[in-house]
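Sequential numbering of the sequence shown, starting at 3, is according to our numbering.
First the structure, in the form of structure tokens, and then the observations on it.
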Amino acid sequence: MKRVHVAAAVIRGVDGRVLLARRADTQHQGGLWEFPGGKVEADESVASALSRELQEELGIQVTTARPLIKVQHDYPDKQVLLDVWEVSAFTGEPHGVEGQPLEWVAPRDLLSYAFPAANAPIVAAARLPADYLITPGELETPALLRGLQQAIAGGIKLVQLRAPNGYDPKYRDLAVDAVGLCAGKAQLMLKGPFEWLGDFPAAGWHMTSAQLRKHASQGRPLPKERWLAASCHNAEELALAELMGVDFVTLSPVQPTQTHPDAQPLGWEQAAQLISGFSKPVFLLGGVGPAEREKAWEAGAQGVAGIRAFWPQV
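Below is the structure:
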């Protein structure tokens with residue numbers, strides 16, 4: 003069965019909302035919501051196909067777009083490759099040229115809409131930012147909370163509270179404070195044993211690769227409303243993350259780092275190869291920061307994760 007190559011768009015308005023279209027009842031996966039786009043023709047670039055489809059479907063001209071995520075999905079009757087771009091600027095007023103209903107939706111509300119199964123990773127990518135802050139492990143609590151507050155005030159939307167010394171009571175106390183600081187402003191990802199999951203309902207969970215290896219076969223320990231992520235370093239761990247149904251991963255180390263000087267870096271080429279076989283959002287980690295964000299996008303990543311690169315100088 004030949005894989006159908008589709009160009010699709012996460013179109014963002016100036017207020018950050020995302021444009022959805024409803025599929026006609028007569029179409030494959032009819033009646034469900036989707037990210038606008040259509041089939042890439044032979045000898046057509048994805049960017050050209052996207053511009054053409056959005057002009058035909060919505061009456062808009064794309065002016066700024068970048069790759070967001072590629073998703074391979076196999077339905078019983080069809081195999082698709084969704085080549086998804088984020089469109090951040092366009093001219094014209096979007097309207098359903100073919101009579102299809104449209105709706106502007108806040109990213110946090112996307113989970114309330116019914117999409118084709120292949121769209122789940124796109125929904126995650128549309129809800130996630132491009133930067134993932136990991137807190138330093140060596141700071142005393144007051145300095146760490148001060149820095150976290152400053153980072154959030156500076157626009158950070160996704161934070162992992164790092165647990166370098168295992169899961170001790172001090173980390174739990176710190177997590178309570180971090181939950182308060184992030185409330186309504188940033189998504190907090192905690193680390194720790196699954197027994198703690200019920201104690202922090204507002205937080206997502208970022209698993210270590212050891213946890214991933216141990217629990218992957220048991221399936222996802224969280225409902226879809228809560229973020230689940232994992233630390234991955236190779237193709238085997240990415241496969242386990244897919245099996246477990248995580249929402250996103252970090253892939254590391256891309257380049258040499260101070261925190262893990264002995265780890266063999268993947269390099270950009272290998273990182274891009276690993277991402278191409280994985281249909282979930284990936285944050286590249288290890289020797290990267292804001293300066294490498296566009297390079298990460300070109301490699302197929304959601305964005306970049308880091309400690310020093312994003313930590314404010316407090």
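In this text, a Cβ means the ideal position worked out from N, Cα and C, and glycines have one as well.
The structure displayed is predicted, hence computed values, not measured ones.
For E227, the three-state secondary structure derived from DSSP is coil. L141 and L276 have their C-alpha atoms some 33 Å from each other.
Residue state for H217 is assigned as helix, using DSSP reduced to three classes. Residue pairing by DSSP leaves R222 without any beta bridge partner.
When the Cα atoms are used, R174 and E55 turn out to be separated by approximately 50 Å. Straight across, the Cα-Cα distance linking M209 with V20 is about 29 Å. Collapsing the DSSP output to three states places V48 in a helix. Just measuring C-alpha positions, the residue of D76, P78, W87, Q74 sitting nearest L52 is W87. Counting along the chain, D27 sits inside no alpha helix (DSSP H), nor does DSSP assign it H or E at all. When the five nearest sequence neighbours on each side are left out, the beta carbons in the same chain lying within less than 6 Å of the beta carbon of Y115 are those of W35, in order along the chain. Our two residues, L70 and D249, have alpha carbons roughly 15 Å apart in a direct line.
A120 is positioned such that its CB atom lies closer than 7 Å to that of V82.
In the DSSP assignment, E300 falls within the alpha helix (DSSP H) that extends over 295-300.
Per the C-alpha coordinates, the member of G302, L176, T259, P314 positioned closest to L287 is T259. A straight-line Cα-Cα distance of about 19 Å links K282 and V6. In this structure, DSSP gives K187 a state outside helix and strand, which the three-state scheme calls coil. Between the stretch 135-149 and the stretch 88-103, the count of Cβ pairs shorter than 8 Å is below three; the stretches do not touch. Close CB contacts of P314 within its chain, under the 6 Å cut and outside five residues either way in sequence, are with G149, Q152, A153 (chain order).
One Cα belongs to Q102, the other to Q63, and the distance between them is close to 18 Å.
In the structure shown, Y173 adopts helical secondary structure according to DSSP, grouped into three states. Burial state of Q213 is buried, judged by a 10 Å Cβ sphere holding 16 or more other Cβ atoms. When DSSP states are grouped into helix, strand and coil, S281 belongs to the coil group. Only exposed fits L245, as fewer than 16 other CB atoms lie within 10 angstroms of its CB.
Rounded to whole angstroms, E271 and A11 show a C-alpha spacing of 25 Å.
Between F92 and T65, the beta carbon gap of about 6 Å places them in contact (Cβ cut-off 8 Å). Secondary structure of E43 (DSSP, three-state): coil. If you ignore the 5 residues before and after F117, its C-beta comes within less than 6 Å of the C-beta of L34, W35, all in its own chain and listed in chain order.
Here DSSP, grouped into helix, strand and coil, assigns A67 to strand. Of the residues assessed, V16 falls on the exposed side of the cut-off, its CB having fewer than 16 other CB atoms within 10 angstroms. For K226, the closest alpha carbon among the candidates D111, V42, R14, S211 is that of D111. For S211 against C234, the beta-carbon gap comes to about 6 Å, under 8 Å, which counts as contact.
In the DSSP annotation of this structure, the continuous segment of the beta strand (DSSP E) that includes E88 starts and ends at 80-93. Remark: C-beta atoms of D76 and A9 do not approach each other more closely than 7 Å.
H235 is bridged by DSSP to nothing; it lacks a bridge partner.
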